[in-house]
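Chemist: Which chain is which? The protein sequence lines are A and B, in order. Each residue of the first sequence is one higher than the one before, counting from -11 in this note's numbering. Each residue of the second sequence is one higher than the one before, counting from 13 in this note's numbering. Ideal Cβ placement from N, Cα and C applies to all residues, glycine included.
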Amino acid sequence: MGKTILEMKGVTKSFGATKALKNVSIDLMEREILAICGENGAGKSTLMKVLSGSYDQNSYEGEIFVEGKKCAFRTPADSSAAGIEMIYQEISVHLDLSVAENIFLGRVPVRHGVVQWRQMFEAAKTYADMVGLKVPVTTHLRDLSASQCQMVSIARALSRNPKILVLDEPTSPLTDAEVEDLFKILFRLRENGISCIYISHKIKEIKRLANRVCIMRDGCHVWTKPADELSVDEIVEAMVNRKIGNMYPKESVPVGEEAFSVKNLRVRHPYNRKKFIVDGVDVSVRKGEILGLVGLVGSGRSETVSAIFGAIDGSYDEMRIEGKPVLIRNPQDAIQKGLALLSEDRKVNGFIPTLSIARNVTLARLDKVFSHGLLDKEAERGYGQEYVRRLSIKANSERDMVTSLSGGNQQKVVLAKWLMAEPKVLLLDEPTRGIDVGAKTQIYQIMTQLAREGMAIIMISSELTELVGMCDRYLLLADGKIRAELGREAADEETFLRICSGGSL
Amino acid sequence: MEKKHTARKILEKFIDVREAGVLMPLLLAIILFAAKSDKFLSVSNMTNVLRTAAFTMITCLGEAFLLIAGSWDISVGGVYALGGVAASALMSYYNVPIFLAVLIALVLGAVFGIFNGFLVLKIKVPPLIATMGTMYAARGLCTGYTKGVSVYPLPEKFLTIGQEGIPIGDYKLPYVIVIALVMAIIAGLVLRYTTYGRKLFAAGGNGEAARLAGIPTMRIRFSAFVLTGVLAALTGVLMASRVGSAQPNIGSGFEMTVVAACVIGGISMDGGAGSIIGVVMGSFFMAMISNGMTLIKIDAYWQQLVIGLVLVLACSLEYVRERLRARLNI
Chain A
-11 MGKTILEMKG VTKSFGATKA LKNVSIDLME REILAICGEN GAGKSTLMKV LSGSYDQNSY
49 EGEIFVEGKK CAFRTPADSS AAGIEMIYQE ISVHLDLSVA ENIFLGRVPV RHGVVQWRQM
109 FEAAKTYADM VGLKVPVTTH LRDLSASQCQ MVSIARALSR NPKILVLDEP TSPLTDAEVE
169 DLFKILFRLR ENGISCIYIS HKIKEIKRLA NRVCIMRDGC HVWTKPADEL SVDEIVEAMV
229 NRKIGNMYPK ESVPVGEEAF SVKNLRVRHP YNRKKFIVDG VDVSVRKGEI LGLVGLVGSG
289 RSETVSAIFG AIDGSYDEMR IEGKPVLIRN PQDAIQKGLA LLSEDRKVNG FIPTLSIARN
349 VTLARLDKVF SHGLLDKEAE RGYGQEYVRR LSIKANSERD MVTSLSGGNQ QKVVLAKWLM
409 AEPKVLLLDE PTRGIDVGAK TQIYQIMTQL AREGMAIIMI SSELTELVGM CDRYLLLADG
469 KIRAELGREA ADEETFLRIC SGGSL
Chain B
13 MEKKHTARKI LEKFIDVREA GVLMPLLLAI ILFAAKSDKF LSVSNMTNVL RTAAFTMITC
73 LGEAFLLIAG SWDISVGGVY ALGGVAASAL MSYYNVPIFL AVLIALVLGA VFGIFNGFLV
133 LKIKVPPLIA TMGTMYAARG LCTGYTKGVS VYPLPEKFLT IGQEGIPIGD YKLPYVIVIA
193 LVMAIIAGLV LRYTTYGRKL FAAGGNGEAA RLAGIPTMRI RFSAFVLTGV LAALTGVLMA
253 SRVGSAQPNI GSGFEMTVVA ACVIGGISMD GGAGSIIGVV MGSFFMAMIS NGMTLIKIDA
313 YWQQLVIGLV LVLACSLEYV RERLRARLNI
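This is how it looks when you write it as structure tokens:
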């Protein structure tokens, strides 16, 4: 280590009125692994997009120097030409191409317009060896495991002779043993003179891997310190150092009988059939109780609620609603039995963009607006207006398109749909993601109101402050297993992060 | 100032209406044809146009349901030919009663729909490929079975469906037009006022959101495939009755006319949007444009160019609508 290889100086990036990055400066040394840590929304990914050239240099302020030379990145190709390669969280490989074709994607060696297969296979072999990938380079990626696919992405990055490798949450699809393999590769690369920027939530990993740790919070660079001088607790404290305001109108209401329980819930990993992303989870929640399902991205928290709702395949020993055993095979069953799931990404699966507010609100209970299969326009208008009023959805009329609303109001439409379904148990997956503070507070108020009326709520959130503020009880998940159960009094963000990133109580 | 305001309102309204893409060229074409040819608006010519439109329309109703539900089917050309051949062969070669022969032809259409649905929804073959395959299969069945020879004679009684009409004074309104319009009205009502219609829109607008709201997206799409197959076969049966024989090679390009009529009529290729009134206008437009161009003596060889341009223009409106709205600050 010695020379500085990369410097980003005073980077400020705005999206409309919000500043995603405020005057951020970082530097990276030769033969160094620099970890960047921060909560969701801290600005890590935005900073990396600036570095990768995903944003045109005119769309932000600040300067980038690679090996002392000032760079102007307009496209990802510019960044790649300067020796910077990105490996993203979602594995971005082509499943129906061979290892060699993936490595040389877009740069297949050609002579007189003819692909030089043998030359390509030989070159691919050297890069595959570099990352320790022990399969023939002609193998199709569909036949490889998730970690092997990731090795291919790293090999692809290496084939461009990078000076700097950026890895964004690379371990979320991997098993423990596969994480070890990845670390070995990264250590070897460091010895060979390649520097890494490593983004992760998993603080234990970072402690082992990184030379220095850089903390980001609310779009600002907090500090960068050598990793061996830091404790896990110090890192966590720096990440979450934020005041918990009086945003949370939590009331303690008398908790009633058990509303829902599931035993030994298991869900297979979608890319890696050998791994269980939810691995033997027991959940139980009582009437009037708000249960927080705490975990990092990839911990199996979303899959847990999706499997309960029958939206993805899972298996369990026993499921009960209000004490009665139930069988849920699909969302239809779930709604009928009294479950509702506000899913994670409202744009992808929350609402129907081609239908009006009223028609989205009534979607899960068409029986209420169609009598004998025929539309009752009055009922549709009535329910539409009722929920627009009850959730104070900002719209001119219940006939407006959902797409014409702001994110917060769209989310309220989705929530209205589930309230109209009159569930006994409400599953909320990231109910406040990407919406403004006003709408957030309103959703908290609605949750409190529902709990008071005796509804059982299971809530997932990446905002730990929100969980601390709203829930009565917590199940802490990591790698598909429940690591701890905490009461409201024992809950704080640091404990959450410590346990969910692999630590102990 | 006031005038500008009204003009703007009309423009806003125009952009909002999905069927605007067809309404404008439709009116323009009518005015043009009527001005250039005095025969165009005559009762007999309009009857001709409407009858041609009626055949397209019947299949379009199924295709529209399917497009709205978020998929599509180009096997309709083949199934259309097969429907006619099957019904005619049963009547002509095997003396099967008319009603039964027609029923079997429709069941055959349904079987193709089921097969299409299975390929697209279960096996996940892209709809273009899957239904292209079944289109060839249906055509192959027709030509293989008939060796390319027309099937006739057909029973007199059967021919009345396609050739006769409801007498209104001296005029006879062809049954085919009546059948198509009645079916269009029913389809329009189903789409707007029934749970099934709402589920079609939801399935096509966002399949995953619909599924999570408890709507059996796959079953809804499957039903639309079956309906499309049945209606394509029915169109073939009616055409055989009109022509007096079943032509095994009939209807090449029919699938494209059907999809074009739907899309020109404002049915979204992305699913989740459209109306039956649009489909009616789209079918009418497709029939009228070739009729009108022939009447005003535009070379038949140039007609496809015009149809192509109109198709592209009408569809462009769908895709620039959002941008137009933003530009005009609506």
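What does V224 (chain A) touch in chain B if you count any residue whose Cβ is under 9 angstroms from its own?
Modeler: Ordered by position in chain B, no residue passes the 9 angstroms Cβ test against V224 (chain A), which lies about 34 angstroms from the chain.
Chemist: Hey, L166 (chain B) and I288 (chain B) are a contact pair by Cβ (cut 8 angstroms); roughly how many whole angstroms apart?
Modeler: About 31 angstroms; that fails the 8 angstroms criterion.
Chemist: According to DSSP, is Y236 (chain A) part of a helix, a strand, or is it coil?
Modeler: Y236 (chain A) falls in the coil class under three-state DSSP.
Chemist: Tell me where the alpha helix (DSSP H) around N303 (chain B) begins and ends.
Modeler: It spans 288 to 307 - the alpha helix (DSSP H) in which N303 (chain B) sits, taken as one unbroken run.
Chemist: Given this structure, state the Cα-to-Cα distance separating H257 (chain A) from S133 (chain A), to the nearest angstrom.
Modeler: H257 (chain A) and S133 (chain A): Cα-Cα distance of roughly 11 angstroms.
Chemist: For Q320 (chain A), return the contacting residues in chain B, with the cut-off set at a CB-CB distance below 7 angstroms.
Modeler: Here the neighbours are G226, P228.
Chemist: Interface residues of chain A around F213 (chain B) at Cβ under 9 angstroms?
Modeler: Residues of chain A passing the Cβ test: I340, T342, L343, R347.
Chemist: Counting only beta-carbon separations shorter than 9 angstroms, does R335 (chain B) have a partner in chain A?
Modeler: So, not an interface residue.
Chemist: State the beta-bridge partners of H128 (chain A) as determined by DSSP.
Modeler: In the DSSP output, where bridge partners are listed per residue, H128 (chain A) has A:S86.
Chemist: Quick check on I185 (chain A) - is its C-beta less than 9 angstroms from some C-beta in chain B?
Modeler: I185 (chain A) does not count as touching chain B.
Chemist: Could you tell me whether the region 119 to 127 of chain A touches the region 244 to 264 of chain A, using the rule of 3 or more Cβ pairs below 8 angstroms?
Modeler: Too few Cβ pairs lie closer than 8 angstroms, so no.
Chemist: Looking at I194 (chain A) and M227 (chain A), is the spacing between their C-beta atoms short of 9 angstroms?
Modeler: Cβ atoms of M227 (chain A) and I194 (chain A): not closer than 9 angstroms.
Chemist: Please compile the residues from chain A whose C-beta is within a distance smaller than 8 angstroms of the C-beta of G217 (chain B).
Modeler: Residues of chain A passing the Cβ test: I340, P341, T342, L343.
Chemist: Would G337 (chain A) be called buried (16 or more neighbouring beta carbons within 10 Å of its own) or exposed?
Modeler: This sequence places Asn at residue 337 (chain A); Gly is not what is there. N337 (chain A) comes out buried.
Chemist: Report the neighbours of A222 (chain B) on chain A: residues whose CB is nearer than 8 angstroms to its CB, in chain order.
Modeler: Here the neighbours are I340, L351.
Chemist: Tell me the DSSP secondary structure of S13 (chain A) in three-state form.
Modeler: Looking at S13 (chain A) - three-state DSSP - the assignment turns out to be strand.
Chemist: Here's the rule: buried if 16 or more other CB atoms are within 10 angstroms of the residue's CB, otherwise exposed. What is Q430 (chain A)?
Modeler: By the 10 Å Cβ count, Q430 (chain A) comes out buried.
Chemist: Buried or exposed for R261 (chain A), going by 16 or more other Cβ atoms inside 10 Å?
Modeler: Classification for R261 (chain A): exposed.
Chemist: Could you give the C-beta distance for A299 (chain B) and V97 (chain B), rounded to a whole number, given that I count them as a contact under 8 angstroms?
Modeler: Their Cβ separation, rounded to whole angstroms, is 23 angstroms, which puts A299 (chain B) and V97 (chain B) out of contact at 8 angstroms.
Chemist: Work out the CA separation of I42 (chain B) and F324 (chain B) for me, nearest whole Å.
Modeler: Per the sequence shown, residue 324 (chain B) should be read as Val rather than Phe. Cα-Cα distance, rounded: 19 angstroms.
Chemist: What does the alpha-carbon distance come out to for the pair A30 (chain A) and S331 (chain A)?
Modeler: Answer to the nearest angstrom: the Cα atoms are 23 angstroms apart.
Chemist: State whether the region 170 to 179 of chain B contacts the region 249 to 266 of chain B, with contact taken as three or more CB pairs (one from each stretch) at a distance under 8 angstroms.
Modeler: As far as the Cβ criterion goes, the region 170 to 179 of chain B touches the region 249 to 266 of chain B, which means the pair count is three or higher.
Chemist: Counting only C-beta atoms, is I323 (chain A) closer than 9 angstroms to chain B at any point?
Modeler: Output row for I323 (chain A): interface = yes.
Chemist: When we look at the beta-carbon of T420 (chain A) and count the other beta-carbons within 10 Å, is it buried (16 or more) or exposed?
Modeler: By the neighbour-count rule (16 or more Cβ atoms within 10 Å), T420 (chain A) is buried.
Chemist: Under a Cβ-count criterion, where at least 16 other Cβ atoms within 10 Å of its own Cβ denotes burial, should L174 (chain A) be classed as buried or exposed?
Modeler: Counting Cβ neighbours within 10 Å, L174 (chain A) comes out buried, since at least 16 surround it.
Chemist: Going by Cα to Cα distance, which pick from A:E89, A:K192, A:G244 is closest to S219 (chain A)?
Modeler: Nearest of A:E89, A:K192, A:G244 to S219 (chain A), Cα basis: A:K192.
Chemist: Hey, could you find the ends of the beta strand (DSSP E) A328 (chain A) is sitting in?
Modeler: Looking at the DSSP string, the run of the beta strand (DSSP E) that includes A328 (chain A) is 327 to 330.
Chemist: Determine contact between the region 74 to 86 of chain B and the region 262 to 280 of chain B, defined as no fewer than three beta-carbon pairs at a distance below 8 angstroms.
Modeler: In short, these stretches touch, since the Cβ pair count reaches three.
Chemist: Where M293 (chain B) and I279 (chain B) are concerned, what is the direct C-alpha to C-alpha distance, given to the nearest angstrom?
Modeler: One C-alpha to the other measures close to 11 angstroms.
Chemist: Within the same chain, show all residues whose beta-carbon is closer than 6 angstroms to that of K231 (chain A), passing over the 5 residues directly before and after it, in chain order.
Modeler: Unreliable positioning characterises K231 (chain A) in this predicted model, as indicated by a pLDDT of 45, which lies under 50. A coordinate reading is not provided.
Chemist: Should G426 (chain A) be labelled buried (16 or more other beta-carbon atoms within 10 Å of its own) or exposed?
Modeler: By the neighbour-count rule (16 or more Cβ atoms within 10 Å), G426 (chain A) is not buried but exposed.
Chemist: Nearest CA to the CA of A444 (chain A): which residue from A:G475, A:D364, A:E310?
Modeler: Comparing Cα-Cα distances from A444 (chain A) to each of A:G475, A:D364, A:E310, the minimum goes to A:E310.
Chemist: Around the C-beta of N180 (chain A), are 16 or more other C-beta atoms found within 10 angstroms, so that it is buried, or is it exposed?
Modeler: By the neighbour-count rule (16 or more Cβ atoms within 10 Å), N180 (chain A) is not buried but exposed.
Chemist: I'd like to know if I232 (chain A) contacts chain B, where contact means its C-beta is closer than 9 angstroms to some C-beta of that chain.
Modeler: With a pLDDT of 41 at I232 (chain A), under the threshold of 50, the modelled position of this residue cannot be trusted; read the value that follows with caution. Output row for I232 (chain A): interface = no.
Chemist: Less than 9 angstroms between the C-beta atoms of T155 (chain B) and N261 (chain B), yes or no?
Modeler: It is a contact, given that the beta carbons lie within the stated cut-off.
Chemist: Which residue or residues does DSSP assign as beta-bridge partners of E(-5) (chain A)?
Modeler: In DSSP, E(-5) (chain A) forms a bridge with A:D15, A:F53.
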